[in-house]
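Position 374 (the sequence shown) corresponds to 374 in the UniProt record's numbering; numbering is contiguous.
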Amino acid sequence: MGIPLLQKLIVGSYVVRQQLAGRKRYPLVLMLEPLFRCNLACAGCGKIDYPDEILNQRVSFDAAMKAVDDCGAPVVSIAGGEPLLHKELPQIVKGIIARKKFVYLCTNALLMEKRMKDYEPSPYFVWSVHLDGDKEDHDKSVCQQGTYDRAVAAIKMAKAKGFRCNINCTLFNNADPERMAKFFDDVMAMGVDGITVSPGYAYERAPDQQHFLNREKTKTLFRNIFKRGNGAKQWSFSQSGLFLDFLAGNQTYHCTPWGNPTYTVFGWQKPCYLLGEGYAKTYKELMESTNWDSYGVGNYEKCADCMVHSGFEATAVRDAVAHPLKAAVVALRGVRTEGPMAPDVRLDQARPAEYMFSRHVQAKLDEIRTTQPAAAKHTVTTNMAEAG
Ligand code: SF4
1 MGIPLLQKLI VGSYVVRQQL AGRKRYPLVL MLEPLFRCNL ACAGCGKIDY PDEILNQRVS
61 FDAAMKAVDD CGAPVVSIAG GEPLLHKELP QIVKGIIARK KFVYLCTNAL LMEKRMKDYE
121 PSPYFVWSVH LDGDKEDHDK SVCQQGTYDR AVAAIKMAKA KGFRCNINCT LFNNADPERM
181 AKFFDDVMAM GVDGITVSPG YAYERAPDQQ HFLNREKTKT LFRNIFKRGN GAKQWSFSQS
241 GLFLDFLAGN QTYHCTPWGN PTYTVFGWQK PCYLLGEGYA KTYKELMEST NWDSYGVGNY
301 EKCADCMVHS GFEATAVRDA VAHPLKAAVV ALRGVRTEGP MAPDVRLDQA RPAEYMFSRH
361 VQAKLDEIRT TQPAAAKHTV TTNMAEAG
């Protein structure tokens with residue numbers, strides 16, 4: 001089981017409470033990006049293409065705790081950039097655990113062995129190591145030789161010290177089902193507790209635009225992988241069975257962008273983790289000022305190929321709570337990998353894409369230059385020390 005019983009119970013009861021309270025929109029996982037700076041430059045990354053002044057910004061401990069409290073989600077996924085470059089991260093993790101929230105610390109693992117002493121094993125804490133496939137696939141995906149071996153060494157060290165340790169895996173259109181199935185077998189043999197898998201989102205700023213999956217290819221790829229693992233039952237996924245069923249083309253889902261609200265150095269990102277179409281200063285403002293109906297597959301051109309876990313896992317969880325029998329059948333029988341697929345959402349009425357990246361970057365640069373010119377210089381120095 002990729003999700004421990006304690007977490008299932010706490011998250012399940014949270015969802016039931018929200019439903020009983022009649023809340024239409026509520027968060028499940030806070031995506032906290034405390035910095036954009038990274039120590040890798042992956043070809044499929046759409047998060048690190050910012051000027052240095054923005055890459056040098058950090059979400060402070062106080063701002064991170066306020067985001068956690070304001071949002072109230074039972075799970076916090078810390079991403080980036082590379083979170084282990086953030087000097088206050090151990091305090092941030094401790095602060096979230098003290099609030100009895102589950103923390104997934106996503107890392108490329110290059111600094112993990114060195115920084116592991118700053119963290120303690122806890123049922124509320126999970127290392128989530130980025131691994132996009134076997135040694136050859138992963139090193140190619142992150143554009144640096146040797147990263148797979150370092151990640152595997154860090155996973156082994158974490159397991160030996162008693163930590164929960166997952167992998168998070170992003171698939172592109174060059175993924176080979178046979179090798180991916182073998183890779184999942186390998187990570188299970190390493191003692192990894194759970195796998196998070198998702199097709200990559202076609203970030204408009206990612207350097208490599210050729211290898212993102214479209215919807216049809218995504219569903220076929222996941223069917224071809226899951227059929228090699230007994231309908232995915234052979235592996236321990238840290239995701240709901242219905243989300244995996246959706247990836248294999250068996251569910252027609254609309255996304256739930258407010259299910260994974262995202263807080264970054266820009267503030268609360270509209271509407272989701274994948275699109276930066278504006279920013280709100282407070283969580284309340286995000287929820288009240290975002291025109292949610294203008295986003296999602298079928299509503300917006302940029303959403304056309306999205307099947308990413310941060311958009312659809314919350315949909316699957318809500319579906320599982322509303323239809324427990326359906327979820328139980330998938331859990332018992334595994335994901336169906338043969339037969340007709342569920343109809344997909346129509347795309348022909350989607351509004352055209354808007355491109356606003358440069359405007360947001362310029363607004364943030366103006367803010368930094370007027371409010372913290374000295375701090376910007378100081379952070380450059382700090383970062384050089386951190387990177388070592
Ligand atoms: S489909 Fe939903 S989660 Fe995906 S990019 Fe669009 S709004 Fe975000």
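Think of the CB as a built atom: it goes at the ideal place given N, C-alpha and C, for glycine as much as any other residue.
Predicted model only: the values in this text are computed from it and were never measured.
Any heavy atom of the ligand SF4 closer than 7 Å to the Cβ of K219? no
Beta carbon of W235 nearer than 8 Å to that of W258:
no
Residue span of the alpha helix (DSSP H) that contains I54, given as start and end: 52-55
- Query: So, residue 408 versus M190, is the Cβ gap smaller than 8 Å?
  - Reply: Any property of residue 408 remains undetermined from this structure, which presents the chain solely from 1 to 388.
Check your understanding: How many Å lie between E113 and V345 at the Cα?
Key -> 44 Å
Inset, instruction - Provide the residue span of the alpha helix (DSSP H) that contains F246, from first to last. - result: 241-247
TODO: Confirm the yes/no value for this check: CB of P257, any heavy atom of the ligand SF4, distance under 7 Å.
DONE: yes
May I have the straight-line CA-CA distance separating L5 from Q19, to the nearest angstrom?
-> 21 Å
>> Taking 7 Å as the cut-off, is the beta-carbon of C45 closer than that to any non-hydrogen atom of the ligand SF4?
In response: no
Burial state of V11 (16 or more Cβ within 10 Å)
buried
Between G311 and the ligand SF4, is the CB less than 7 Å from at least one heavy atom? yes
### Query
Going by beta carbon distance, what residues of the same chain come within less than 8 Å of G339, once the five residues before and after it are set aside?
none
**Prompt:** Cβ of K302 within 7 Å of any heavy atom in the ligand SF4?
**Reply:** yes
Worksheet entry | Whole-number beta carbon distance between T256 and W268, since they are thought to touch under 8 Å | Contact flag wrong, Cβ pair sits at about 16 Å.
If distances are taken between C-alpha atoms only, which option among L213, N214, G241, F212 comes closest to F226? G241
Subject >> Close beta carbons around T379, own chain, < 8 Å, minus the five adjacent residues each side >> reply: With a pLDDT of only 44 at T379, under the threshold of 50, the placement of this residue in the model should not be trusted; the figure read from the coordinates follows. Hits under 8 Å: N56, Q57, R58.
- If Y14 and P74 are in contact, beta carbons under 8 Å, what's the gap, nearest whole angstrom? 5 Å
**Message:** Suppose contacts are defined by Cβ-Cβ distances below 8 Å. Is L40 in contact with V142 by that definition?
**Reply:** yes
Inset, instruction - Can you give me the Cβ contacts of P352 inside the same chain, cut-off strictly under 7 Å, excluding the 5 residues immediately before and after it? - result: E301
*Which residues in the same chain as K8 place their Cβ atom closer than 7 Å to its Cβ, once the five residues preceding and following it in sequence are excluded?*
none
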